[in-house]
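Asks:
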Amino acid sequence: MKNSLSILTVPAFDDNYLWIIHDGVSAVAVDPGDANAILHALEAHQLRLTAILLTHHHADHTGGVDALLAHQRVPVYGPARDGIRQVDHALHGGDVVRLDAPQWQLQVIDVPGHTAGHIAYYAEAQHWLFSGDTLFAGGCGRLFEGTAAQMLASLELLASLPDHTEVYCAHEYTLSNLRFALAAEPDNAALQDRMKSDTEKRTLGQPTVPSQIGLEKRTNPFLRSREPAVIATLIATGRMENRDDPVASFAALRNWKNHFA
Ligand code: ZN
Ligand code: FE
């Protein structure tokens, strides 16, 4: 089963990635914000849609669901607590999604913060994580409906997955995230290397996603709010005072990033 599934990257809008996971015949769409992009990819690869997985309620992740359902009636899996009308398989953290076609199992992880009910999907057999707008390559989602403490806990839960886990996030925000990361931690050599290699990918028109959990732990400031070098920057720039408060340093980072040009 491990190698029988493939992932198609489906770019949509300005910077979204929609994901199609398939076995060559049957396909699952993750966060289909744009139905046409999904339908074109399904047709190009001669795949039949069998399920939709949603991470949270925002339109760029759910906007294509109605049109896809009109095209083909399939089950819609999504967070129980995010108020998504089309969800008919409501999920909570700890649930397991078992699909027959394609044959696939995913664990549901509760990751509130970006929205109140945001969930992530972890496919242990493939080492794939679908993190929606919670963990980005080099960054994290904005706090629209949750607190800094919630988001930090959510990110640390994702960071506890194996280092080689591939992170399929929902946006290509990486270079702007890494510019911010370098402001927060200018002397991080792994981060400097990542900026070089991801800049090269973008220059060639390639996605920087998926990332990997191990790389995120070494370079993503939002997974490094306990790191002395990050805390030192926050204190030196007057963004926080108490160095022993990881939630405060995470909140200071998130707030700084909101206004970072
Ligand atoms: Zn969102
Ligand atoms: Fe989004």
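Following the UniProt record's numbering, the numbering of the sequence shown begins with 1 at its first residue and continues without gaps.
From the three backbone atoms N, C-alpha and C, an ideal C-beta is built for every residue, glycine too.
Measure the alpha-carbon distance for L5 versus G33 and round it to whole angstroms.
Replies: Within the sequence shown, numbered from 1, the residue matching residue 5 stands at position 5. Within the sequence shown, numbered from 1, the residue matching residue 33 stands at position 33. Between L5 and G33, the C-alpha separation is close to 22 Å.
Asks: Between the Cα of A190 and the Cα atoms of T219, A170, V209, N177, which residue gives the shortest distance?
Replies: Within the sequence shown, residue 190 is the residue found at index 190, counting from 1. Nearest of T219, A170, V209, N177 to A190, Cα basis: T219.
Asks: Could you check if A70 is buried or exposed, using at least 16 other CB atoms within 10 Å of its CB as the buried criterion?
Replies: For the purposes of this step, residue 70 is identified with residue 70 of the sequence shown, where counting begins at 1. Exposed, since its Cβ has fewer than 16 Cβ neighbours within 10 Å.
Asks: Alpha helix (DSSP H) containing N242: first to last residue?
Replies: Indexing the sequence shown from 1 puts residue 242 at position 242. Element bounds for N242: n/a, residue is neither H nor E.
Asks: According to DSSP, is R48 helix, strand or coil?
Replies: As a position in the sequence shown, residue 48 is number 48, starting the count at 1. If DSSP states are grouped into helix, strand and coil, R48 belongs with the strands.
Asks: For Q126, is the classification buried or exposed, using 16 other Cβ atoms within 10 angstroms of its Cβ as the cut-off for buried?
Replies: Counting from one through the sequence shown, the residue named residue 126 turns up at place 126. Buried is the call here.
Asks: Give me the Cα-Cα distance between H123 and T165, rounded to the nearest whole angstrom.
Replies: Indexing the sequence shown from 1 puts residue 123 at position 123. Indexing the sequence shown from 1 puts residue 165 at position 165. In the sequence as displayed, the identity of residue 123 is Ala instead of His. About 9 Å.
Asks: In its own chain, which residues sit with a C-beta less than 7 Å from the C-beta of M1, not counting the 5 before and 5 after it?
Replies: By 1-based counting over the sequence shown, the position of residue 1 is 1. Its pLDDT being 43, under 50, M1 is placed unreliably by the model, and the measurement read from it follows with that caveat. For M1, where only same-chain residues beyond five positions count, the Cβ hits under 7 Å are Q103, A125.
Asks: By DSSP, does G24 sit in helix, in strand, or in coil?
Replies: For the purposes of this step, residue 24 is taken as residue 24 along the sequence shown, with counting starting at 1. Of the three classes helix, strand and coil, the one that applies to G24 here is coil, per DSSP.
Asks: For the ligand ZN, enumerate in chain order all residues having a CB closer than 5 Å to any of its heavy atoms.
Replies: Here the residues come out as H58, D133.
Asks: Please state whether DSSP places R224 in a helix, a strand or coil.
Replies: Here residue 224 is taken as the residue at index 224 of the sequence shown, counted from 1. It is coil, neither helix nor strand.
Asks: Over the uninterrupted alpha helix (DSSP H) stretch that includes E200, give me the two end residues.
Replies: Here residue 200 is taken as the residue at index 200 of the sequence shown, counted from 1. Here the alpha helix (DSSP H) through E200 covers 189-203.
Asks: Which first and last residues belong to the alpha helix (DSSP H) in which G214 is found?
Replies: Here residue 214 refers to the residue found at position 214 when the sequence shown is read from its first residue. Start and end: 213-219.
Asks: Does the beta-carbon distance from R98 to Q107 come in below 7 Å?
Replies: As a working mapping, residue 98 is identified with position 98 in the sequence shown. As a working mapping, residue 107 is identified with position 107 in the sequence shown. No, the Cβ-Cβ distance between R98 and Q107 is not below 7 Å.
Asks: Any heavy atom of the ligand FE inside 6 Å of the beta-carbon of D14?
Replies: Numbered from 1 along the sequence shown, position 14 holds the residue referred to as residue 14. No, the beta carbon of D14 sits no closer than 6 Å to any heavy atom of the ligand FE.
Asks: By the three-class DSSP mapping on this structure, what secondary structure does D60 have?
Replies: Within the sequence shown, numbered from 1, the residue matching residue 60 stands at position 60. If DSSP states are grouped into helix, strand and coil, D60 belongs with the helices.
Asks: Could you tell me the alpha carbon to alpha carbon distance between G64 and L215, rounded to whole angstroms?
Replies: Locating residue 64 in the sequence shown gives position 64, counting from the first residue. Locating residue 215 in the sequence shown gives position 215, counting from the first residue. Roughly 32 Å between the two C-alpha positions.
Asks: Thinking C-beta only, is L42 closer than 7 Å to L53?
Replies: Working through the sequence shown from its first residue, we reach residue 53 at position 53. Working through the sequence shown from its first residue, we reach residue 42 at position 42. Taking 7 Å as the Cβ cut-off, L53 and L42 do not qualify as a contacting pair.
Asks: Can you tell me which of the three DSSP states W19 falls into?
Replies: Locating residue 19 in the sequence shown gives position 19, counting from the first residue. Of the three classes helix, strand and coil, the one that applies to W19 here is strand, per DSSP.
Asks: In terms of residue numbering, what span does the alpha helix (DSSP H) encompassing L158 cover?
Replies: Position 158 of the sequence shown holds residue 158. First-last of the alpha helix (DSSP H) with L158: 148-159.
Asks: Assuming contact is defined by CB atoms lying nearer than 7 Å, are N16 and H114 in contact in what I supplied?
Replies: Walking along the sequence shown from the start, residue 16 turns up at place 16. Walking along the sequence shown from the start, residue 114 turns up at place 114. Against a cut-off of 7 Å, the Cβ pair of H114 and N16 comes out as no contact.
Asks: What separation, rounded to the nearest whole angstrom, lies between the Cα atoms of H118 and P210?
Replies: Within the sequence shown, residue 118 is the residue found at index 118, counting from 1. Within the sequence shown, residue 210 is the residue found at index 210, counting from 1. Between H118 and P210, the C-alpha separation is close to 19 Å.
Asks: So, do the stretch 172-183 and the stretch 70-87 have three or more beta carbon pairs nearer to each other than 8 Å?
Replies: Flag = no, the stretch 172-183 and the stretch 70-87 do not touch.
Asks: Identify which residue in A252, V10, A12, R243 has its Cα closest to the Cα of R142.
Replies: In the sequence shown, residue 142 corresponds to position 142, counting from 1. It is A252.
Asks: Based on the DSSP output, what are the partners of residue 262 in its beta bridges?
Replies: Since the first residue shown for the chain is 1 and the last is 261, residue 262 is missing from the structure and cannot be characterised.
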